Amino acid sequence: MAANLPTQAQVQGGAGVTEPGVSHDEHAHHDEHHEQSFLQKYVFSTDHKVIAKQFLITGIFWAIIGGTLSSLFRLQLGWPESTFEWLSPFLGKWIEAGKLNPEFYLALVTMHGTIMVFFVLTAGLSGTFSNFLIPLQIGARDMASGFMNMLSYWFFFLSSVVMFSSLFIETGPAAAGWTIYPPLSALPQAIPGSGAGQTLWLVSMALFIVSQLLGGVNYITTVINLRTQGMSMSKLPLTIWAFFLTAILGLLSFPVLFSAALLLIFDRSFGTSFFLSDIYIAGQALPNTGGSPILFQHLFWFLGHPEVYIVIMPAMGMVSEILATNARKPIFGYRAMIGSLLGISLLSFIVWAHHMFVTGMNPFLGSVFMFLTLIIAVPSAVKTFNWLATLWRGNIRFTTAMLFSIGFVSLFIAGGLTGIVLGNAALDIQMHNTYFVVAHFHLVMGSSAFFGLWAGVYHWFPKMFGRMMDEKLGYVHFWLTFLGVYLVFLPMHYVGIAGFPRRYYAWTGFDTFSQFADLNKFISAAAIIAFFAQFVFIFNFFYSIFRGRRATENPWNSTTLEWTTPVVPGHGNWPGAIPAVHRWPYDYSKPGAAEDFIPQHVPYSQTQSSNLPYEKEME
Amino acid sequence: MTTLGILLVLVLLLVVFGLLFRLQILTSIFSGSSAREVGVSNRVNAILFIIFLVVGGAAFAWSFIDNYDKMNPPIASVHGHATERMFWTTMIILGIVFTLTQILLFVYSYKYQHKEGRRAFFFPHNNKIEVIWTLIPAIVMAGLVFAGWKEWTRITGPAPKDSVVVEVMGKQFNWLVRYPGRDQKLGVVNYRLIDATNEFGFDLSDKNGVDDFVAPEIHVPKGHPVLLKIRSRDVLHAVYMPHFRVQMYAVPGMPTKFWFTPTKTTDEMRAQTGNPKFNYELACNQICGRGHFAMKLNIVVDEPDDYVAWFGQQKSFSEQNPDVLASFKQKSDKLVEKESAASESAAAVVPVSAKASL
Chain A
910 MAANLPTQAQ VQGGAGVTEP GVSHDEHAHH DEHHEQSFLQ KYVFSTDHKV IAKQFLITGI
970 FWAIIGGTLS SLFRLQLGWP ESTFEWLSPF LGKWIEAGKL NPEFYLALVT MHGTIMVFFV
1030 LTAGLSGTFS NFLIPLQIGA RDMASGFMNM LSYWFFFLSS VVMFSSLFIE TGPAAAGWTI
1090 YPPLSALPQA IPGSGAGQTL WLVSMALFIV SQLLGGVNYI TTVINLRTQG MSMSKLPLTI
1150 WAFFLTAILG LLSFPVLFSA ALLLIFDRSF GTSFFLSDIY IAGQALPNTG GSPILFQHLF
1210 WFLGHPEVYI VIMPAMGMVS EILATNARKP IFGYRAMIGS LLGISLLSFI VWAHHMFVTG
1270 MNPFLGSVFM FLTLIIAVPS AVKTFNWLAT LWRGNIRFTT AMLFSIGFVS LFIAGGLTGI
1330 VLGNAALDIQ MHNTYFVVAH FHLVMGSSAF FGLWAGVYHW FPKMFGRMMD EKLGYVHFWL
1390 TFLGVYLVFL PMHYVGIAGF PRRYYAWTGF DTFSQFADLN KFISAAAIIA FFAQFVFIFN
1450 FFYSIFRGRR ATENPWNSTT LEWTTPVVPG HGNWPGAIPA VHRWPYDYSK PGAAEDFIPQ
1510 HVPYSQTQSS NLPYEKEME
Chain B
45 MTTLGILLVL VLLLVVFGLL FRLQILTSIF SGSSAREVGV SNRVNAILFI IFLVVGGAAF
105 AWSFIDNYDK MNPPIASVHG HATERMFWTT MIILGIVFTL TQILLFVYSY KYQHKEGRRA
165 FFFPHNNKIE VIWTLIPAIV MAGLVFAGWK EWTRITGPAP KDSVVVEVMG KQFNWLVRYP
225 GRDQKLGVVN YRLIDATNEF GFDLSDKNGV DDFVAPEIHV PKGHPVLLKI RSRDVLHAVY
285 MPHFRVQMYA VPGMPTKFWF TPTKTTDEMR AQTGNPKFNY ELACNQICGR GHFAMKLNIV
345 VDEPDDYVAW FGQQKSFSEQ NPDVLASFKQ KSDKLVEKES AASESAAAVV PVSAKASL
């Protein structure tokens, strides 16, 4: 096993470069040190930790953009009668006589969804933590291919540049919803955003998918091949199981989105009719016949549904880890947790058409997908119960990461339960595309995944930057956000039950939807306040990188391998040999042990007082 | 000037926050609380969780009750009553689970907050418990699936043979309505024939289409099954009629359908809601462009007799647009002659045949 070599063999370029100002033991290969240029070290780096930080900071950038867009359309929804002349310095021609342009409103919604789902919660979350934690927690010096890993980030960067530029073009960015259903997304005659904006969207997503695949292949390979001595699959931290399965989901489903995007590009530019048929638009009958818009939806949701698990599973993994660490208690039902992750991964591929119950799809298919969809609630329920049981009789420290993890569980329950309504085809007839759906997925995948992301950042910040984030500011950030999320999304369910359709610029044209003007104001105000609360986090994050309290090697008294590295691990992660692993990652508060945690690399022979009967044989 | 003032105030506020932040750090260093592993804030957070549970839970319950009446659009279809019952039954089950799990989450967080000298209970797994809490959700889900599946098959099953047929066609940004006329058969349409007059793309060389009529709103009789045939001529739209609990996409190139039975006339609903201006509304519920949010159509539910009377007053499209008819006539003189003869002879019996269709 290559991973066991006590050398720097796997490290490309300058091995074991240490961060300035951080001292640790001299290691055997001192003569291999050479200075890396700034470009090599911070820009075109092949070090998984630097790449992780690149993903994180790009993700934060995108989250600010995505949040700003949502504040803009919430202004419109809360105060549909107001004029927004004061926004014209920022939005220019998209403010028409003081009113937000309705097509630009749709563009805002579209880009908010695209940015949050793909650029923040896929790249920013999974990209950051898969990169950062996989090698550190399995005991590897770096990813299987550092170069491919670097490409993965730079493809993401390119994709970001293309998507960002689409915000500024004359016809506006893509505006057909983040699901870009054709024919709307295929025909610039239907909406101007489907012109150059949609082209850039598709190009950007194609690059994004390349980035995901490069990353995913790397994560999978690394987890399979580069585990350190003793790190069997049944000793992996749940984070790694989550990242591993997430990468598999991405690898199997993103190519299908690519095919959908490709066919759409053909329909848009080369006159094919994959998704177009019998269309009369802008005074003209189009020649396309025989295509099916529903086919696109099948292709889209074949990615789109696993995608929500791609977003949530890394968060689940990190939350499991953080809950156990801070409750000072083993995660309850380690194997059941892995089993439910496997179950969710498998089922996530065969539930996609529950997004399409009322599209005219054969009702029999609807029945099948309803059945499969409601099964997936079972592993999710098991995970929730296991998290609760982990807290039971723990000894809980409320670090900021822990608060966000508890918040995650709360939001995951709140949002997950309503999925049972939406997965029921008979009930989805009424609820489909209403604000009930918006409230549901913003809680269960949007906010929950964000909470997982924040929990991860607060928890692993010391290992990333060698400093601690400020706890007090963290508490302020958590409480404002937690309260804000509930104040936004709980009332949104009422609006949804009343049947308010999503992606509406205003509901004022309908008597049926006239009753919740005040509630919508309230939601908008809460959303905008919660958005501004995020600047507390952003300040804390950047301030702490430079001025935060210095961290110790293992500030949370955690058991996993990343905490055995120096305060700021260099390229290659461990200055000496990679530690071998002897036990599972959750030996917290073991009876008879000297401390309330036993790290994974401590052999049973050193812990005879706490070994369980079956462990005695391994001493 | 005011902008400058506001900016100045904001900057000053930021400076004050910055100073407070530094002060907070310094005091925590001097008091030594930054060195303690678990400080006072642990207790504060634990208490906040309990406050959040109690106050938040109460606020949620209050706001839910307060808004309950507003969030249920009155029901006006047979299947709507069934789905509504199922919806609230499901919500009650979910509400119970929600309440229990949230209480456990926050109470455990409070109760098992860090205490000096205590050790957590080493309890890594228990297969019996795992099996129990796998089986219970599985059984509950099985019940919900079964109920949902039965209702879904009933709703999406074939429409009764004697249903009133109405065709709705979505376009950017309004709805077009077509009725099959006396012969109860919708004529062939072809999107290539669409123009400003012939918005449906009537192919009047098909004799079934000659008596079809278009209407500015949907009229349906109370207590009688209605089969909506749904089409789109440009992008995706969705027919969404919240009061009837009806929703179905309008897909270009793929006609869809949905049948339902209205249970209350518009007048009855006006009396029930106390709103004399009440109208059943059809909304577009699939993003379709600039006018998506204003793509509305009114639906009128009549007493059966009124419906028959209304039906009898309608003039067929071909009758209203003789030019269009003539253009088809030129194409196939012989065929159209026959049709117009048929439509003239049938004109006298309109109310009867409409009644027969009920």
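First to last, the protein sequences are chains A and B.
If you number the first sequence the way the working numbering does, the last residue is 1528 and the count never jumps.
If you number the second sequence the way the working numbering does, the last residue is 402 and the count never jumps.
The beta carbon of each residue, even a glycine, is placed where N, CA and C say it ideally should be.
Please read all numbers here as calculations on a predicted model, not as lab measurements.
Comparing the C-beta of Ala-315(B) with each C-beta of chain A, is any distance below 8 Å? no
Unbroken stretches of the alpha helix (DSSP H), 4 residues or longer, contained in the region 1337 to 1414 of chain A: 1344 to 1350, 1357 to 1374, 1380 to 1406
Complete runs of the alpha helix (DSSP H) confined to the region 141 to 211 of chain B [at least 4 residues]: 171 to 200
Rounded distance between the beta-carbons of Pro-1196(A) and Ile-1253(A), thought under 8 Å: Contact flag wrong, Cβ pair sits at about 44 Å.
Ala-937(A), DSSP secondary structure in three states: Low local confidence applies: a pLDDT of 42 at Ala-937(A) is under 50, so the model's placement there is unreliable, and no value is given.
CA-to-CA distance, Thr-1309(A) to Ala-883(A), given in whole angstroms: Given a span of 910 to 1528 for chain A in the structure shown, any question on residue 883(A) remains unanswerable.
Would you call the CB atoms of Tyr-112(B) and Val-1267(A) closer than 8 Å? no
Could you tell me how far apart the beta carbons of Met-1279(A) and Val-189(B) are, in whole angstroms, since I believe they sit closer than 8 Å? 6 Å
Could you name the residues of the region 1413 to 1438 of chain A whose beta carbon sits closer than 9 Å to any beta carbon of chain B, in the order they occur along the chain? Tyr-1413, Tyr-1414, Ala-1415, Trp-1416, Thr-1417, Gly-1418, Phe-1419, Asp-1420, Thr-1421, Phe-1422, Gln-1424, Phe-1425, Leu-1428
If I measure Cβ to Cβ from His-1491(A) and keep anything under 8 Å in the same chain, skipping five residues before and after, which residues do I get? Gly-1139, Gln-1509, His-1510, Val-1511, Pro-1512, Tyr-1513, Met-1527
Length of the line joining the Cα atoms of Phe-361(B) and Lys-229(B): 14 Å
Just to confirm the assignment: which complete alpha helix (DSSP H) runs, minimum length 4, are found wholly within the region 1443 to 1525 of chain A? 1522 to 1525
Let me know if Met-1311(A) comes out buried or exposed under the rule of 16 or more other beta-carbons within 10 Å of its beta-carbon. buried
With a 10 Å radius around its C-beta and 16 neighbouring C-beta atoms as the bar for buried, classify Phe-1179(A) as buried or exposed. exposed
Partners in chain B for Arg-1306(A), counting only beta-carbon separations shorter than 7 Å: Val-82, Asn-86, His-158
Short of 7 Å in beta carbon distance, which residues of its chain neighbour Thr-1299(A), apart from the five on each side in sequence? Order them along the chain. Leu-1232, Ala-1233, Ala-1236, Lys-1238, Ile-1240, Phe-1241
Counting only Cβ pairs nearer than 7 Å, list the residues of chain A close to Gly-100(B). Tyr-1395
Whole runs of the alpha helix (DSSP H) within the region 307 to 349 of chain B, excluding any shorter than 4 residues: 310 to 317
Since Pro-265(B) is in the beta strand (DSSP E), which residue starts that stretch and which ends it? 262 to 265
Taking just the CA atoms, how far does Val-1397(A) sit from Asn-1449(A)? 24 Å
Just confirm the distance between the C-beta atoms of Ala-1099(A) and Leu-1250(A), as a whole number of angstroms; I'd bet it's less than 8 Å. The pair is not a contact, with the Cβ atoms about 41 Å apart (cut-off 8 Å).
CB contact below 8 Å: Gly-267(B) versus chain A: no
Please list the terminal residues of the continuous beta strand (DSSP E) segment that includes Lys-301(B). 300 to 304
Verify the CB distance criterion: does Asn-1333(A) have a CB-CB separation below 8 Å to chain B? yes
So Phe-1374(A) and Ile-1454(A) are in contact, right, with Cβ under 8 Å, and what is the actual spacing, rounded? 5 Å
How many Å lie between Ile-1259(A) and Met-1059(A) at the Cα? 33 Å
Could you pull the start and end residues of the beta strand (DSSP E) that Ile-274(B) belongs to? 270 to 276
Whether or not the region 304 to 314 of chain B and the region 336 to 346 of chain B are in contact is what I'm after, with contact meaning three or more pairs of Cβ atoms, one per stretch, closer than 8 Å; do they touch? yes
Going by DSSP in three states, Met-1114(A) sits in which element: helix, strand or coil? helix
Taking only three categories from DSSP, how would you classify Lys-375(B)? helix
Could one say the Cβ of Thr-200(B) lies closer than 8 Å to chain A's Cβ atoms, at least one of them? yes
Inter-residue CB distance, Pro-299(B) and Ile-274(B) (contact presumed, cutoff 8 Å): 7 Å
What do you get for Phe-1451(A), buried or exposed, if any count of 16 or more other CB atoms within 10 angstroms of its CB means buried? exposed
Please tell me whether Val-380(B) has its Cβ less than 8 Å away from any Cβ of chain A. Note that Val-380(B) scores a pLDDT of 49, beneath 50, so its modelled location is shaky and nothing firm can be said.
Does the distance from the CB of Ser-1162(A) to the CB of Pro-1215(A) come in under 8 Å? yes
Alpha carbon to alpha carbon, how far is Phe-1294(A) from Ser-1168(A)? Give it in angstroms, no decimals. 38 Å
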